[in-house]
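Residue numbers (my numbering), protein chains in the order written: chain A, 29 to 192; chain R, 411 to 743. Note that CB positions come from ideal geometry on N, CA and C, so glycine has one too. Every value quoted in this text rests on a predicted model; they were computed, and no experiment measured them. A quick write-up on the structure given underneath.
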């Protein structure tokens with residue numbers, strides 16, 4: 029059952045992520061991105077990390093996707109980026125980058141996230157929050173820059189509109 | 411191994427299935443939604459010294475909601491030319507699913523709760539953040555001016571109320587030390603209702619949740635006298651029902667959440683069963699929110715944004731400070 033759920037969620041996540049990149053209509057792309065984020069949240073739930081899953085929904089769909097949609101609608105599809113050429117090349121680059129990132133992540137993760145608090149199923153939420161604030165305070169702050177990045181991206185797109 | 415038929419019977423008669431389908435699940439949501447449409451029209455009419463719905467049943471037109479549903483169902487389904495069919499149809503359907511999901515998290519009585527999630531409160535609020543996105547998609551997909559303006563207004567409005575809404579609920583979490591809605595109710599069983607220590611938080615919560623529900627005085631995305639129902643303008647009969655449904659479900663869910671957070675949920679003297687207590691409190695809140703509609707004029711968008719980012723945000727931070735002093739000042743907690 030868990031395997032099936034995982035497979036379904038993973039398929040939805042990956043398929044909608046591809047759609048988010050490839051969709052002609054930017055609005056569909058943004059909506060697909062939202063569905064992909066939902067799939068990731070589902071994967072978090074599957075890992076018993078419901079707290080992370082809930083905030084994945086709130087931050088990524090509630091804020092990031094909304095900002096992207098907002099900008100896309102203000103800019104209008106005709107002013108969006110034209111479909112990229114050299115798709116094969118970009119696919120290759122994407123594969124390479126993800127391989128590199130994956131390798132780097134697997135190499136560093138054991139070192140980076142070693143700690144006394146091994147949060148498994150039934151983990152105490154209070155303990156998790158204390159750990160997050162005490163031990164991972166700085167990484168947490170850096171993660172919160174995601175929203176700033178989204179705002180900057182949205183502003184850039186909206187500004188390009190005025191020039192054009 | 412039992413045969414499939416007996417398995418199906420077992421599933422249909424199981425408590426879990428009954429909770430999802432009958433109460434507090436889908437059927438009761440539909441009936442209460444129809445009831446609340448009548449109730450709101452009757453209440454608003456009474457406030458304005460009118461009579462309101464009268465003919466749909468022997469007793470004060472109480473079946474008006476059902477009559478409306480039947481009428482809307484038999485209207486022709488017209489999708490506007492140039493509309494994006496996928497989003498135009500999917501947005502109200504998804505909104506309905508979201509509304510039903512919200513009610514799944516509420517503890518109606520001890521043990522009567524579809525999903526007792528560890529992180530019930532943020533889950534409720536996180537599911538809610540999806541709804542302005544759907545409003546925007548619905549407004550955009552109609553390919554028409556007023557719906558699009560309404561959709562954009564919904565997003566602007568979200569930036570104004572979202573942060574104060576989360577922060578006002580944070581006070582409750584700080585005091586109770588749990589995100590679980592049942593846990594919050596149990597805390598109030600031992601320590602009294604939270605409306606007294608969290609009066610400011612409760613006030614902020616009800617203001618921001620009125621904005622979230624797009625109800626007067628914050629119904630900017632709809633604003634029938636300005637932009638003709640805004641994002642709902644192009645919806646034909648049956649879909650309009652799907653658009654209106656989530657509005658009432660959200661009202662019900664928010665009132666239920668308010669009574670869970672601040673009024674002790676299903677707690678009360680044992681003369682009346684817990685579930686009745688719960689509904690009494692919820693209906694009081696619903697009446698209050700409905701009376702806002704007949705009392706206050708609509709705010710402008712810039713007023714809402716300014717107040718959201720100045721007054722509401724400041725007050726919600728003040729509320730967090732109050733909660734901090736309550737937690738630190740009472741070591742027994």
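Local conformation of residue i per DSSP, three classes
i, result
"residue 522 of chain R", "strand"
"residue 515 of chain R", "coil"
"residue 448 of chain R", "helix"
"residue 624 of chain R", "coil"
"residue 721 of chain R", "helix"
"residue 601 of chain R", "helix"
"residue 456 of chain R", "helix"
"residue 77 of chain A", "coil"
"residue 93 of chain A", "helix"
"residue 629 of chain R", "coil"
"residue 184 of chain A", "helix"
"residue 118 of chain A", "helix"
"residue 539 of chain R", "coil"
"residue 683 of chain R", "coil"
"residue 708 of chain R", "coil"
"residue 714 of chain R", "helix"
"residue 172 of chain A", "coil"
"residue 554 of chain R", "coil"
"residue 502 of chain R", "helix"
"residue 574 of chain R", "helix"
"residue 429 of chain R", "helix"
"residue 656 of chain R", "helix"
"residue 695 of chain R", "helix"
Residue-chain proximity (residue i, chain A), Cβ-Cβ < 9 angstroms
i, result
"residue 743 of chain R", "Here residue 743 of chain R scores only 49 on pLDDT, less than 50, and its place in the model should not be relied on; the value that follows carries that caveat. False, the Cβ-Cβ gap to chain A never drops below 9 angstroms."
"residue 550 of chain R", "yes"
"residue 587 of chain R", "yes"
"residue 562 of chain R", "yes"
"residue 546 of chain R", "yes"
"residue 572 of chain R", "yes"
"residue 535 of chain R", "yes"
"residue 629 of chain R", "no"
"residue 528 of chain R", "yes"
"residue 494 of chain R", "yes"
"residue 577 of chain R", "no"
"residue 421 of chain R", "no"
"residue 484 of chain R", "no"
"residue 539 of chain R", "yes"
"residue 558 of chain R", "yes"
"residue 565 of chain R", "yes"
"residue 664 of chain R", "no"
"residue 497 of chain R", "yes"
Cα-Cα separation, residue i to residue j
i, j, result
"residue 642 of chain R", "residue 510 of chain R", "20 angstroms"
"residue 585 of chain R", "residue 571 of chain R", "22 angstroms"
"residue 175 of chain A", "residue 417 of chain R", "49 angstroms"
"residue 55 of chain A", "residue 181 of chain A", "16 angstroms"
"residue 714 of chain R", "residue 413 of chain R", "60 angstroms"
"residue 688 of chain R", "residue 518 of chain R", "6 angstroms"
"residue 173 of chain A", "residue 636 of chain R", "38 angstroms"
"residue 524 of chain R", "residue 124 of chain A", "45 angstroms"
"residue 598 of chain R", "residue 529 of chain R", "18 angstroms"
"residue 37 of chain A", "residue 623 of chain R", "30 angstroms"
"residue 494 of chain R", "residue 677 of chain R", "47 angstroms"
"residue 587 of chain R", "residue 520 of chain R", "20 angstroms"
"residue 612 of chain R", "residue 668 of chain R", "8 angstroms"
"residue 680 of chain R", "residue 674 of chain R", "14 angstroms"
"residue 508 of chain R", "residue 655 of chain R", "11 angstroms"
"residue 445 of chain R", "residue 707 of chain R", "25 angstroms"
"residue 70 of chain A", "residue 81 of chain A", "7 angstroms"
"residue 618 of chain R", "residue 98 of chain A", "22 angstroms"
Where residue i meets chain A, residues with beta-carbon distance less than 8 angstroms
i, result
"residue 543 of chain R", "62, 89, 90, 93, 94 and 97"
"residue 532 of chain R", "79, 82, 83 and 86"
Any C-beta of chain R under 9 angstroms from that of residue i
i, result
"residue 154 of chain A", "yes"
"residue 164 of chain A", "no"
"residue 48 of chain A", "no"
"residue 59 of chain A", "yes"
"residue 55 of chain A", "yes"
Chain-ordered neighbours of residue i on chain A, where CB pairs are closer than 7 angstroms
i, result
"residue 643 of chain R", "Per Cβ cutoff of 7 angstroms: no residues; residue 643 of chain R is ~17 angstroms from chain A at best."
Any chain C beta carbon closer than 9 angstroms to residue i
i, result
"residue 568 of chain R", "You won't find chain C in this structure, because its protein chains are A and R."
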